[in-house]
C-alpha cells in the first residue's frame with residue numbers, strides 16, 4: 001500500500017474508517033505528505049478520542065529498581081578497588097542516579113498493593129476508602145484479615161440475624177455450601193457491606209478464604225537478622241490455570257498481590273544489604289541473593305496477573321466477540337492477537353469460500369469500550385490493539401467503541 005496512488009490509499013482508509021468522510025481522510029493523508037502509517041496513527045487516535053474509551057486497570061510498574069540494583073552489585077564487585085579514586089562529589093552523584101529508589105517509575109511495593117486492595121474492597125462495598133485504609137493498617141496490611149474484620153464489625157450490628165429477610169437467608173444458605181468454615185454471621189455482614197449484591201459478596205468471600213496471609217508486608221527487617229531463606233517460603237503461588245470454578249479470579253488476584261508484597265519485602269532487604277555492603281563486602285552477596293528472589297516473585301506476580309486477565313476476558317466473550325473491558329493495555333494486545341488468530345484458524349475452509357463466506361463477512365468483533373475515565377483523557381486500548389492488528393496484517397474496520405476483523409490483507 002505504501003507505493004499505491006493517493007486514491008488507493010484513501011480507499012484503503014475509507015474501508016478502515018467508514019465513519020469518517022472521504023474528504024477528511026484525504027485531508028489527513030495530505031497533511032502527512034501521503035504517509036499511510038502516519039495518517040493511520042492520527043486517524044486511530046482521533047477516532048477513539050471522539051468515541052470515548054474504556055479505562056483499564058493500572059498497569060503493574062516494572063521493577064526497574066531491582067534490575068538496576070543488581071547491576072550495581074556486579075559493578076561494585078568488579079570495581080571496588082578503584083572506588084577510592086572517586087571524588088566525593090562524583091560518588092554522591094553516582095549514588096543518587098543509581099539508587100534502587102531513583103527511577104522514572106516507582107518500584108512495586110506495599111503502597112501499590114495497599115491501593116489495589118483498598119480499591120478491591122471499596123468497589124464491592126458501601127464503605128469509604130478512608131475507613132477501609134484504616135482497617136487495612138490495623139490488620140497488618142492483609143487483604144483477607146481486613147475483609148474478615150470488616151465483616152465481623154458489620155455482623156455485630158445485626159443483633160437479631162434471625163429477623164433477616166428470607167432472600168438473604170437463602171443467599172447465605174448457598175454460600176454455606178461453598179464456604180463451610182466461614183461463620184454465618186460474617187456472611188450476613190459481607191452481604192450487608194456489599195449492599196445485598198450476591199456477586200460482590202461472593203468475591204469478597206473468595207478473597208477472604210483463598211488467600212491465607214502468612215507474612216506482614218511493609219516491615220523492613222534489620223540486615224543483621226538475615227539468614228538463608230527457606231525456599232518453601234519463596235515458592236510461586238498456584239496460578240489460576242490450575243484451579244477450577246469462580247474462585248479462580250480471586251485466587252489469581254490474591255497470588256499476584258502476595259507475590260508483589262513478597263517482592264517488595266525482598267527488594268527492601270536487598271536495598272538495605274547493598275547499603276551495608278559499602279562497609280562490609282560480605283553483604284554484597286546477600287544483596288544479590290535477595291534481588292534474585294525479588295525478580296522471581298515479580299515474574300510470578302506478572303504470570304498471575306496475566307492469568308486473571310485471561311479468565312476475565314474469557315468470561316465476558318464468545319466465539320465471535322472479544323470483550324476487552326477491565327484489562328490492561330499489554331494484556332489487551334496480547335489477548336487480542338491470540339484470539340484473532342484462533343478465530344481465523346477456527347474458520348477452516350470457510351474463509352476461502354467465494355465472497356469470504358458468511359463467518360468472514362460477519363467478522364470477529366473486538367470490543368474496546370466507550371468509557372470516559374482513562375488517564376489524561378487519552379485513548380489507549382483501542383489504538384494499541386488496532387495498530388497491532390494492522391501490523392500483523394489483518395483487515396480491520398474501526399467502529400463505535402469496537403473493531404471488526406474480516407480477514408487477512410493480501411500480501
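Numbering (full-length UniProt numbering), first residue to last: 1 to 411.
C-beta: ideal position from N, C-alpha, C; glycine also.
Proximity below 9 Å, CB of residue 335 to CB of residue 347: No, these two residues do not count as a Cβ contact at 9 Å.
Contacts around residue 92, its chain only, beta-carbon distance under 6 Å, and the 5 residues preceding and following it disregarded: Any reading at residue 92 must be qualified, since the residue scores a pLDDT of 39, below 50, and its modelled position is unreliable; no value is offered.
Same chain only: Cβ atoms within 6 Å of residue 200, ignoring 5 sequence neighbours per side: Same-chain partners within the cutoff: 124, 194.
Neighbourhood of residue 30 by C-beta, 7 Å cutoff - its chain only, sequence neighbours within 5 removed: Around residue 30: no qualifying Cβ.
Which listed residue (319, 350, 143, 400) has its alpha carbon closest to that of residue 206: With distances taken between Cα atoms, residue 206 lies closest to 143.
Span of the alpha helix (DSSP H) around residue 310: In the DSSP assignment, residue 310 falls within the alpha helix (DSSP H) that extends over 283-315.
Pairwise C-alpha distance: residue 197 and residue 126: Using only the alpha carbons, I get a separation of about 11 Å.
Residue burial classification, residue 393 (beta-carbon count within 10 angstroms, cutoff 16): Result: exposed.
Where residue 414 sits in the DSSP three-state scheme: Limits of the chain in this structure are 1 at one end and 411 at the other, which puts residue 414 out of reach.
Coil, strand or helix - residue 197 by DSSP: Three-state result, residue 197: coil.
Option in 401, 384, 175 with minimal Cα separation from residue 42: Measuring from the Cα of residue 42, the nearest candidate turns out to be 384.
Residue of 182, 173, 177 minimising C-alpha distance to residue 147: Looking at the Cα atoms, 182 is the closest of the given residues.
Residues that DSSP places opposite residue 380 in a beta bridge: Its beta-bridge partners do not exist; DSSP assigns none.
Nearest-angstrom Cα separation, counted from residue 297 out to residue 337: Each residue's Cα considered, the two are about 27 Å apart.
Residue 407 (DSSP reduced to helix, strand or coil): In this structure, residue 407 counts as strand in the three-state DSSP scheme.
Continuous alpha helix (DSSP H) stretch holding residue 335: start and end: Boundaries of the alpha helix (DSSP H) around residue 335: 329-346.
9 Å Cβ cutoff met for residue 44 and residue 387: Residue 44 is a Cβ neighbour of residue 387, given a cutoff of 9 Å.
Where the alpha helix (DSSP H) through residue 175 begins and ends: Its alpha helix (DSSP H) spans residues 166-178.
Nonlocal neighbours in the same chain, by C-beta distance under 6 Å from residue 395, ignoring five residues either side: Taken in chain order, the residues that qualify are 406, 407, 409.
Residue 499, DSSP secondary structure in three states: Because the chain spans 1 through 411 in this model, residue 499 falls outside it and cannot be assessed.
Top-ranked residue by Cα proximity to residue 366, from 203, 156, 402, 24: Taking only the C-alpha atoms, the option nearest residue 366 is 402.
Spatial distance of residue 168 from residue 130 (CA atoms): The alpha-carbon atoms of residue 168 and residue 130 are separated by roughly 28 Å.
Chain-order list of residues whose beta-carbon lies under 8 Å from that of residue 362 (same chain, five-residue window excluded): The answer, listed in chain order, is 320.
DSSP state of residue 182 mapped onto helix, strand, coil: Residue state, collapsed to three classes: coil.
Nearest neighbour of residue 340, chosen from 291, 288, 317 [CA to CA]: Nearest of 291, 288, 317 to residue 340, Cα basis: 317.
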